[in-house]
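Colleague: The structure is given below, and queries will be raised subsequently.
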Amino acid sequence: MYKSALIGLLSMLAAMALPQAAQAEYADVVMNNYSDAAGMRPVVFPHWYHRIRFRCKVCHADLGFKFKAGGNKITMAKIIDGQFCGACHNGEISWSVENCGMCHSGIAGTPTQIHGSTVQRLVAPTYKKLGK
Amino acid sequence: MKMKQFFLGVVALSVLPVVAIQVEAAQPPLKEVKAAKGHVSTANTFNRLLKKPMAKNLPPAEDGIHDADNDNTHVLQPPKIAYDGLPTTPFGNYVDWVKALDTNLLQPRYDRFDPTIEPLVMDLDIVREVKSTVPDVVFPHKPHTQWLHCSNCHPKIFIPQRKANVMNMSGILLGQQCGVCHGKVAFPVTTQSCTKCHSKPKPADWKPPQSETSLKDPWR
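Protein chains in written order, with this note's numbering: chain W, 3 to 134; chain H, 16 to 235.
Next comes the structure, spelled out in structure tokens:
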């Protein structure tokens, strides 16, 4: 009786210490093309937060962000050059680039992807791609 | 006669629950009725492939992708607070982005610098007849051009010409055509959202096309 309660308590503690499965907000984008390798936390881009402030056109037409998580090959060199995130995170439109931890806030090892997508929720992606 | 039967019925119904309760109480305690030993193999769990529903709008520090040891993580805005007061939907961000924009509860900029520039909105509905019993698809340009630029879709995702594009659900679910955005950023494809796109009911005399094999079979 006491033993099983103890085991229960221990396994509860273990479950709390383990990293949880991702339950991220729909459309949170993790970018980790280079971050892990450079010893930085991966970047989490809150897509939903930005669409409250800007229409899609601003980023995807004017600033040229491609519709693909990780597909823009963003680097710090490009950002301080005023491209991509650097077009706004420059101390004029929004807080500037020295706030490393605001962007680099992900758990190390999290892969590049967009969260909560329909594909992730399928039992198994059994469909074949269409021919071009 | 009929009245009497009805009366008897009412009496029987009102007595029944009492009898049922008595029968329940008369049963021996649960432990002793336990069935013979054995358990359902883990291979046969109920809902073998059902994915658990995701928690709704968790704050960054608890969402499984943000590092709680990073001080800035706790400065980030939790989605629930950002969405407070916005119209809701049962899927995606649980926010009705179209309604939020139409009611001016959100005023996202169309230009990076100038908040007064208005979007180039085009009100043109495209109907796509579907070879299936589901309602036909209506693609409305209006809510799309409120957010997006023509060049976001034309010509890379869609040739700007009615019926010039091949579309189907397999492609959409894999992230092609409408699925470039729906299922990633804009409202996702779920059982509750089918009718957002499939919104035009079929004509009353519409019948599903029959498969060739079923037409050929004389015994049907």
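Glycine residues also receive a C-beta, built at the ideal position from the N, C-alpha and C atoms.
Using the three-state DSSP reduction, which class does GLN115(W) fall into: helix, strand or coil?
Modeller: As a working mapping, residue 115(W) is identified with position 113 in the first sequence. Residue state, collapsed to three classes: strand.
Colleague: Going straight from the alpha carbon of PHE47(W) to that of ARG143(H), what length do you get?
Modeller: Reading the first sequence from its first residue, position 45 is the one you call residue 47(W). Reading the second sequence from its first residue, position 128 is the one you call residue 143(H). Answer to the nearest angstrom: the Cα atoms are 35 Å apart.
Colleague: Select from the region 127-149 of chain H all residues with a C-beta closer than 7 Å to any C-beta belonging to chain W, and list them in chain order.
Modeller: ARG127, PRO134
Colleague: Taking Cβ-Cβ distances below 8 Å as the criterion, which residues of the region 173-200 of chain H are in contact with chain W?
Modeller: VAL181, ASN183, SER185, GLY186, LEU188, LEU189, GLY190, GLN191, GLY194, VAL195, CYS196, HIS197, GLY198, LYS199, VAL200
Colleague: Using the rule of at least 16 other Cβ atoms within 10 Å of the residue's Cβ for burial, across every protein chain shown, is GLU133(H) buried or exposed?
Modeller: For the purposes of this step, residue 133(H) is identified with residue 118 of the second sequence, where counting begins at 1. Counting Cβ neighbours within 10 Å, GLU133(H) comes out exposed, since fewer than 16 surround it.
Colleague: Could one say the Cβ of VAL46(W) lies closer than 8 Å to chain H's Cβ atoms, at least one of them?
Modeller: The sequence position of residue 46(W) within the first sequence is 44, counting from 1. Closer than 8 Å: yes.
Colleague: According to DSSP, is GLY108(W) helix, strand or coil?
Modeller: On the first sequence, position 106 is the one that residue 108(W) refers to. Strand, per DSSP.
Colleague: Take the Cβ of GLU27(W) as the centre, count every other Cβ of all protein chains shown within 10 Å, and call the residue buried at 16 or more, exposed below.
Modeller: Within the first sequence, numbered from 1, the residue matching residue 27(W) stands at position 25. With 16 or more other Cβ atoms within 10 Å, it is buried.
Colleague: Is the number of C-beta pairs between the region 55-71 of chain H and the region 66-81 of chain W that are closer than 8 Å three or more?
Modeller: no
Colleague: Going by DSSP in three states, ILE96(H) sits in which element: helix, strand or coil?
Modeller: Working through the second sequence from its first residue, we reach residue 96(H) at position 81. Residue state, collapsed to three classes: helix.
Colleague: Since SER214(H) is in the beta strand (DSSP E), which residue starts that stretch and which ends it?
Modeller: Position 199 of the second sequence, counted from the start, is the residue given in the question as residue 214(H). Looking at the DSSP string, the run of the beta strand (DSSP E) that includes SER214(H) is 213-215.
Colleague: Step through the CB atoms of chain W and report whether any lies within less than 8 Å of the CB of GLY107(H).
Modeller: Sequence index remark: in the second sequence, residue 107(H) carries index 92 (1-based). Yes, GLY107(H) counts as interfacial toward chain W.
Colleague: Label LYS146(H) either buried or exposed according to how many other C-beta atoms from any shown protein chain fall within 10 Å of its C-beta, with 16 as the threshold for buried.
Modeller: What you label residue 146(H) is simply residue 131 of the second sequence in a count that begins at 1. So LYS146(H) ends up on the exposed side.
Colleague: Enumerate, from N- to C-terminal direction, the unbroken beta strand (DSSP E) stretches of 3 or more residues contained entirely within the region 22-78 of chain W.
Modeller: Considered as a whole, the region 22-78 of chain W harbours 30-33, 45-48 as its complete beta strand (DSSP E) runs of no fewer than 3 residues, in chain order.
Colleague: Got a sec, what are the start and stop residues for the alpha helix (DSSP H) ASP117(H) sits in?
Modeller: Counted from its first residue, the second sequence places residue 117(H) at position 102. Where ASP117(H) is concerned, the enclosing alpha helix (DSSP H) stretches over 112-117.
Colleague: In terms of residue numbering, what span does the beta strand (DSSP E) encompassing VAL121(W) cover?
Modeller: Counted from its first residue, the first sequence places residue 121(W) at position 119. Where VAL121(W) is concerned, there is no enclosing beta strand (DSSP E), although the alpha helix (DSSP H) it sits in stretches over 120-123.
Colleague: Would you say ASP83(W) faces chain H, with C-beta separation under 8 Å as the test?
Modeller: Within the first sequence, residue 83(W) is the residue found at index 81, counting from 1. So no, ASP83(W) is outside the interface.
Colleague: Comparing alpha-carbon positions, which option in SER98(W), MET104(W), ALA24(W), VAL125(W) lies nearest LEU73(H)?
Modeller: On the second sequence, residue 73(H) is found 58 positions in, with the first residue counted as 1. The residue with the shortest Cα to Cα distance from LEU73(H) is ALA24(W).
Colleague: Give the straight-line distance between the Cα atoms of SER119(W) and ASP232(H), rounded to the nearest whole angstrom.
Modeller: Here residue 119(W) corresponds to residue number 117 of the first sequence, with the count starting at 1. Here residue 232(H) corresponds to residue number 217 of the second sequence, with the count starting at 1. If you draw a straight line from the Cα of SER119(W) to the Cα of ASP232(H), it is about 42 Å long.
Colleague: Closer than 8 Å, CB to CB, is PRO155(H) near chain W or not?
Modeller: Here residue 155(H) refers to the residue found at position 140 when the second sequence is read from its first residue. So no, PRO155(H) is outside the interface.
Colleague: Helix, strand or coil for HIS81(H)? Go by DSSP, reduced to three states.
Modeller: Residue 81(H) sits at position 66 when you count from the first residue of the second sequence. Looking at HIS81(H) - three-state DSSP - the assignment turns out to be strand.
Colleague: Taking the alpha-carbon of ALA39(W) as reference, which of PRO113(W), ALA126(W), ARG123(W), VAL121(W) has the nearest alpha-carbon?
Modeller: Taking the first sequence and counting its residues from 1, one reaches residue 39(W) at position 37. Comparing Cα positions, the closest option is PRO113(W).
Colleague: On the three-state DSSP scale, how would you describe VAL181(H)?
Modeller: Counted from its first residue, the second sequence places residue 181(H) at position 166. Correct three-state label for VAL181(H): coil.
Colleague: Cβ of GLY107(H) within 8 Å of Cβ of PRO203(H)?
Modeller: The sequence position of residue 107(H) within the second sequence is 92, counting from 1. The sequence position of residue 203(H) within the second sequence is 188, counting from 1. Going by beta carbons, GLY107(H) and PRO203(H) fall inside the 8 Å limit.
Colleague: When DSSP labels each residue in this structure, what does ASP86(H) get in the three-state scheme?
Modeller: To locate residue 86(H), count along the second sequence from 1; it is residue 71. Correct three-state label for ASP86(H): helix.
Colleague: Figure out for me which residue from ARG123(W), PHE69(W), ASN35(W) has the closest Cα to the Cα of CYS12(H).
Modeller: The question about residue 12(H) has no answer, for chain H in this structure spans 16 to 235.
Colleague: Under DSSP, the beta strand (DSSP E) around PRO170(H) begins and ends at which residues?
Modeller: Taking the first residue of the second sequence as position 1, residue 170(H) is located at position 155. PRO170(H) -> no beta strand (DSSP E), and no H or E assigned at all.
Colleague: For ILE109(W), decide whether its Cβ has a neighbour in chain H, counting only Cβ atoms nearer than 8 Å.
Modeller: Position 107 of the first sequence holds residue 109(W). Yes, because at least one Cβ of chain H sits closer than 8 Å to the Cβ of ILE109(W).
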